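**Student:**
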Amino acid sequence: MKRERRRMRVGMVVALLLLGGGCSREADPAAGPASAALPEVAYYPDASQRESMSQAMGPLGGNLVQLATSDDFDTVLAYYTGALAGLGAESISHTLPGGRQAALSLTRGDQRLTIAIQEFVDEGAVHITHMRLGR
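Counting from -2, one number per residue, gives the positions in the sequence shown under the numbering used here.
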């Protein structure tokens, strides 16, 4: 079980690096101007907050909030896909033995919002991480 969890975390880190490292498609013209602020995306309803942190370092600042829910992975993914619909969000997903994972990412100028969703089948839980980078 520890090995599967480690694989899931490594997979999620790789997914986030791919999204954050420029391996992405061209901007969606319908997404609006690049200088527009990132939208506020409400946390998944009834999810419990597990951890949060914030760092202000000029343009490199950001925050991270981790949530957990017992709701189904597909329901959580549909919630965030709907919340980001029409905004030009990029997505990536993987299936591993311990569960599925997905990351949705949206960039506006020097700001980036990434929402990572991980399914833990053995625990019957879905973990959600909201990450905001930039000013």
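Every residue, glycine too, gets a C-beta built ideally from N, C-alpha and C. In this text, all values refer to a predicted model and were calculated from it rather than measured experimentally.
(1) Once you ignore the five residues that flank Val118 on each side, which residues in its own chain have a CB closer than 7 Å to its CB?
(2) DSSP three-state label for Ala80, please.
(3) Quick one: grab the DSSP three-state call for Val38.
(4) In the segment 48 to 130, which residue ranges form an unbroken beta strand (DSSP E) of at least 3 residues, counting only runs that do not cross its ends?
(5) Distance check for Leu57 and Ser67, CA to CA, integer angstroms please.
(6) Since I believe Arg109 is in contact with Ala34 (beta carbons under 8 Å), could you give me their beta-carbon distance rounded to a whole number of angstroms?
(7) Please work out which residues of its chain come closer than 8 Å, Cβ to Cβ, to Arg47, disregarding the five sequence neighbours upstream and downstream, and give them in chain order.
(8) Given this structure, state the Cα-to-Cα distance separating Thr72 from Gly79, to the nearest angstrom.
(9) Which residue's Cα is closest to the Cα of Asp107: Gln98, Pro36, Tyr76 and Gly131?
(10) Less than 8 Å between the C-beta atoms of Ala82 and Ser102, yes or no?
(11) Measuring CA to CA, which of Thr92, Asn60 and Gln52 is closest to His127?
(12) Of the choices Leu93, Ala113, Gln52 and Thr92, whose alpha-carbon is the least far from that of Val38?
(13) Would you report the Cα separation of Arg129 and His91, rounded to the nearest angstrom?
(14) Using the C-alpha atoms, what's the distance from Ala122 back to Met50?
**Tutor:** Working from what's here:
(1) Gly95 and Gly96
(2) Look at Ala80 here: in three-state DSSP terms it is helix.
(3) DSSP places Val38 in coil when its eight states are reduced to three.
(4) Runs found: 59 to 66, 87 to 93, 96 to 105, 108 to 117 and 122 to 130.
(5) Taking the straight line joining both Cα atoms gives about 33 Å.
(6) With a Cβ gap of about 12 Å, Ala34 and Arg109 do not count as contacting.
(7) Gln63, Leu64, Ala65 and His124
(8) 11 Å
(9) Asp107 has its Cα closest to that of Gly131, out of Gln98, Pro36, Tyr76 and Gly131.
(10) no
(11) Asn60
(12) The option with the nearest alpha carbon to Val38 is Ala113.
(13) 22 Å
(14) Rounded to the nearest angstrom, the two C-alpha atoms are 22 Å apart.
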